[in-house]
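Counting with our numbering, you get residues -5 to 426 for the letters of the first sequence. Think of the CB as a built atom: it goes at the ideal place given N, C-alpha and C, for glycine as much as any other residue. See below for the structure under consideration.
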Amino acid sequence: MAGEHVYVENLGQYDGRAVTVKGWIYHKRSSGKIQFLVVRDGTGIVQCVVLKNEVSEEIFALAQRLTQESAVEVTGTVRSDKRAPGGYELTLTGVNLVHLAEEYPITPKEHGVEFLMDHRHLWLRSRRQHAVLRIRSTLIKACRDFLDDRGFILVDSPILTPAAVEGTTTLFETDYFDTKAYLSQSGQLYSEAAAMAVGKAYCFGPTFRAEKSKTRRHLMEFWMIEPEVAFATSETNMDLQEQFVSYIVQTVLEQRKPELELLERELSKLDAVRPPFPRISYDEAVERLQQAGSDIIWGEDLGGDDETVLANQFDRPVMVYNYPTAIKAFYMQPNPERPEVVLCNDMLAPEGYGEIIGGGQRIHDYDLLRQRLSEHNLPEEPYRWYLDLRRYGSVPHAGFGMGIERTVAWICGLQHVRETIPFARMLNRIYP
RNA sequence: UCCUCGGUAGCUCAAUGGUAGAGCACCCGGCUGUUAACCGGGUGGUUGCUGGUUCGAGCCCAGCCCGGGGAGCCA
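Structure (structure tokens):
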């Protein structure tokens, strides 16, 4: 055995040279005196050729024994070849078996969703899932780069919390040394405290919703990034959102084109995602929907179908602002000229991917916030610290939360968010 | 919680109320350029569970279990 250890993604730089690739057998085809081993190493996939009269009998026999997903170190000469997927292939001189895999459950044929999700730990090895994971990784880095480059400070919020952020959503309850604690459904309230400390803050982490939601857009555990800015208004908040979303989409488009192509994503639709984004008021949204045949009436929240109808009227994400106060959370700042609506907005992704951002301006007046807590039948005690923020140098401020999985699903063009997170937590699924 | 569709070989699926099938995977054999290779042979079943109707149930009926899609809620 000889040859420098090289990753498949760099094979092009080693044309004509002897190298070693360390990886797993993705697939195998044989034809009597010639065998094709398709090896993946995490960075790519390369076809390796084993010729009977160019290797020893032992090597040829060993290659024949290899099973799907067996771990190997293969040595051979890099050669560009049009017949090889990827453009380069390896003519093998040696094979070292690291581990002979048992019969692998996931075959190159079709599988159902339940079977694949039961084998999620193995499904991650497939090409499509690789592409999604890489895009997710790039997207998260883009989110953080964007905020870090603009002076935001990462201030993480706790996962274990004493109370609900919004009284409405069901929370996962756990025991905290004989008192109750809840898994965080949002880091926002803590992000507000952080913004009052450092001016521009964001938190990024998992959030938990115990709602028995069973749709392609819902997970019980999902990741959310939540920027919060002091001295900001709903207007500047929407400016930030469109800059933010444009940046991450264009970054993924630049850096992950091969992955998007593998997923057969229509790139032109992503290319169109640049500022400014259309902004329509809730009032206008209701009118547009009624004209389109919806039976929605003013005061009702937009349903999933409504969101899709609206989003389809634009070629980029659309921001719907100033929803009725009655259907929004207790901390939303009312419009001073129209208290029946609040200064907030949602961002709806195109192509029916639904709401990817929810945000708005927060109440900064102490008395009004107390009144709202009371109106929402929320206890004051757990929110004492939150009310404190309105007692010591309270300023207008705004922020938003973006769901990572829905955003990845949209950018990748996936039918379901379960493929956008390594190990999805869903209704009826907490394995593997 | 509600609506809707489904559960048959390891996987994906067929089977008028009348002998349980195919493709793939796996095993054996053949093939020096395969691309989900191909060709021949073989192994493989408590038809989700319980009860009922019937001479006879994978199929019809009831209940339950499990899963897919959707609603509500939200990101």
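Open item on the list: Using only CA atoms, which one of K174, R203, F146 lies nearest to S185?
Closed with: By 1-based counting over the first sequence, the position of residue 185 is 191. Answer by Cα proximity: F146.
Open item on the list: Only counting the same chain, and skipping five residues up and downstream in sequence, which positions put a Cβ closer than 7 Å to that of R385?
Closed with: Walking along the first sequence from the start, residue 385 turns up at place 391. Non-local beta-carbon contacts of R385 in its own chain, meaning distances under 7 Å to residues more than five positions away in sequence, involve Y360 in chain order.
Open item on the list: Just to confirm, is the Cβ distance from V40 to E67 under 9 Å?
Closed with: In the first sequence, the residue the question calls residue 40 occupies position 46. In the first sequence, the residue the question calls residue 67 occupies position 73. No, they are not a contact pair.
Task: Whole-angstrom distance between L177 and I415, CA atom to CA atom - done: Along the first sequence, read from residue 1 onward, the residue named residue 415 stands at position 421. Along the first sequence, read from residue 1 onward, the residue named residue 177 stands at position 183. Distance between the alpha carbons of I415 and L177 is about 19 Å.
Open item on the list: Mapping the DSSP letters down to three states, classify A392 as helix, strand or coil.
Closed with: In the first sequence, counting from the first residue as 1, residue 392 sits at position 398. Strand at A392.
Task: Neighbourhood of S74 by C-beta distance below 7 Å, restricted to the same chain and skipping five residues each side - done: Within the first sequence, residue 74 is the residue found at index 80, counting from 1. For S74, where only same-chain residues beyond five positions count, the Cβ hits under 7 Å are D9, G81, Y82.
Open item on the list: Quick check: what's the CA-CA separation for R211 versus E48?
Closed with: Here residue 211 is taken as the residue at index 217 of the first sequence, counted from 1. Here residue 48 is taken as the residue at index 54 of the first sequence, counted from 1. Distance between the alpha carbons of R211 and E48 is about 54 Å.
TODO: Consult DSSP for S74 and reduce its assignment to one of helix, strand or coil.
DONE: Taking the first sequence and counting its residues from 1, the one referred to as residue 74 is at position 80. For S74, the three-state secondary structure derived from DSSP is strand.
Open item on the list: Judging by CA-CA distance, which residue of I242, A320, R273 is the nearest neighbour of S131?
Closed with: Looking up residue 131 in the first sequence gives position 137. For S131, the closest alpha carbon among the candidates I242, A320, R273 is that of I242.
TODO: Classify S120 as helix, strand or coil using the three-state DSSP reduction.
DONE: The sequence position of residue 120 within the first sequence is 126, counting from 1. If DSSP states are grouped into helix, strand and coil, S120 belongs with coil.
- [ ] Using beta-carbon positions only, say whether E220 and M313 come within less than 9 Å of one another.
- [x] On the first sequence, position 226 is the one that residue 220 refers to. On the first sequence, position 319 is the one that residue 313 refers to. The criterion of a C-beta distance shorter than 9 Å is not satisfied by E220 and M313.
Open item on the list: What would DSSP say about T162, mapped onto helix, strand or coil?
Closed with: The residue labelled residue 162 in the question sits at position 168 within the first sequence. Residue confidence for T162 is low, a pLDDT of 49 falling below 50, so the modelled location carries little weight; the figure read from the coordinates is stated next. Residue state, collapsed to three classes: coil.
TODO: Starting from the C-beta of E248, find all residues in its chain whose C-beta is less than 7 Å away, skip the five residues before and the five after it, and write them out in chain order.
DONE: For the purposes of this step, residue 248 is taken as residue 254 along the first sequence, with counting starting at 1. The beta carbon of E248 sits closer than 7 Å to no other beta carbon from its chain once the five residues preceding and following it are set aside.
- [ ] Go through its chain and collect everything with a Cβ distance to V280's Cβ below 7 Å, but skip five positions before and after it.
- [x] Translated into the one-based positions of the first sequence, residue 280 becomes position 286. Excluding sequence positions up to five before and after V280, its CB lies within less than 7 Å of the CB of I290, W292, all in the same chain and listed in chain order.
Open item on the list: With three or more C-beta pairs closer than 8 Å as the rule, is the stretch 126 to 142 touching the stretch 383 to 402?
Closed with: Proximity of the stretch 383 to 402 to the stretch 126 to 142 meets the contact definition, three or more beta-carbon pairs being nearer than 8 Å.
Task: Straight-line gap, E108 to G199 (C-alpha atoms, nearest Å) - done: Position 114 of the first sequence, counted from the first residue, corresponds to residue 108. Position 205 of the first sequence, counted from the first residue, corresponds to residue 199. The straight-line gap from Cα to Cα measures roughly 27 Å.
- [ ] Would you list, in sequence order, the uninterrupted beta strand (DSSP E) runs of no fewer than 3 residues that lie entirely inside the stretch 139 to 189?
- [x] Scanning the stretch 139 to 189 from its first residue to its last, the whole beta strand (DSSP E) runs of 3-plus residues come out as 167 to 170, 173 to 177.
Open item on the list: I'd like to check one pair, R364 with L381: are the Cβ atoms closer than 9 Å?
Closed with: Against the first sequence, residue 381 aligns to sequence position 387. Against the first sequence, residue 364 aligns to sequence position 370. With a cutoff of 9 Å on beta-carbon distance, L381 and R364 are scored as near each other.
TODO: Use the C-beta contact count for V72: other C-beta atoms within 10 angstroms, 16 or more gives buried, fewer gives exposed.
DONE: Locating residue 72 in the first sequence gives position 78, counting from the first residue. Classified as buried, V72 has 16 or more neighbouring CB atoms from the shown chains inside 10 Å of its CB.
Task: For L283 and N316, believed in contact at Cβ under 8 Å, the rounded distance - done: As a first step, residue 316 must be located in the first sequence, where it is residue number 322. As a first step, residue 283 must be located in the first sequence, where it is residue number 289. Contact check for N316 and L283: beta-carbon distance about 15 Å, past the 8 Å limit, so the pair fails to qualify.
- [ ] With DSSP as the reference, label N458 as helix, strand or coil.
- [x] In the structure as shown, the chain begins at -5 and stops at 426. Residue 458 is therefore absent and cannot be evaluated.
Open item on the list: If we require 3 or more residues per run, which beta strand (DSSP E) segments fall completely within the stretch 265 to 333?
Closed with: The DSSP assignment places complete beta strand (DSSP E) segments of no fewer than 3 residues inside the stretch 265 to 333 at 273 to 275, 312 to 315, in order along the chain.
TODO: Output the distance between the C-alpha atoms of L362 and G297, rounded to the nearest integer angstrom.
DONE: Here residue 362 corresponds to residue number 368 of the first sequence, with the count starting at 1. Here residue 297 corresponds to residue number 303 of the first sequence, with the count starting at 1. Distance between the alpha carbons of L362 and G297: 29 Å.
Task: alpha helix (DSSP H) segment containing T230, residue limits - done: Along the first sequence, one-based indexing puts residue 230 at 236. Residues 228 to 249.
Open item on the list: To the nearest angstrom, how far is the alpha carbon of L60 from that of A95?
Closed with: The residue you call residue 60 lines up with position 66 of the first sequence. The residue you call residue 95 lines up with position 101 of the first sequence. Between the alpha carbons of L60 and A95 lies a gap of roughly 8 Å.
Open item on the list: Can you look up S368 in the DSSP assignment and give me helix, strand or coil?
Closed with: Working through the first sequence from its first residue, we reach residue 368 at position 374. Note: S368 maps to helix in three-state DSSP.
TODO: Measure the C-alpha to C-alpha separation of H(-1) and V32 and round it to an integer number of angstroms.
DONE: Against the first sequence, residue -1 aligns to sequence position 5. Against the first sequence, residue 32 aligns to sequence position 38. When the Cα atoms are used, H(-1) and V32 turn out to be separated by approximately 17 Å.
- [ ] Report the residue ranges of all alpha helix (DSSP H) runs contained in full by the stretch 9 to 76; include only those spanning at least 4 residues, in chain order.
- [x] Runs found: 51 to 59.
Open item on the list: Output needed for P376: all residues of its chain with C-beta closer than 7 Å, excluding positions within five of it in sequence on either side, in chain order.
Closed with: On the first sequence, residue 376 is found 382 positions in, with the first residue counted as 1. Around P376: P156, A157.
TODO: Return helix, strand or coil for M214, following the three-state DSSP convention.
DONE: Reading the first sequence from its first residue, position 220 is the one you call residue 214. Coil at M214, not helix or strand.
Open item on the list: Let me check understanding here. Comparing Cα to Cα, which of C137, H113, A187, E167 lies closest to R203?
Closed with: As a position in the first sequence, residue 203 is number 209, starting the count at 1. The shortest C-alpha separation from R203 is found at E167.
Task: Contact under 9 Å by Cβ, G232 with R273 - done: Along the first sequence, one-based indexing puts residue 232 at 238. Along the first sequence, one-based indexing puts residue 273 at 279. Note on identity: in this sequence residue 232 is Met, with Gly being the wrong assignment. At a Cβ-Cβ threshold of 9 Å, M232 and R273 count as neighbours.
Task: Range covered by the beta strand (DSSP E) that runs through I350 - done: Position 356 of the first sequence, counting from 1, holds the residue named residue 350. I350 -> beta strand (DSSP E) spans 348 to 356.
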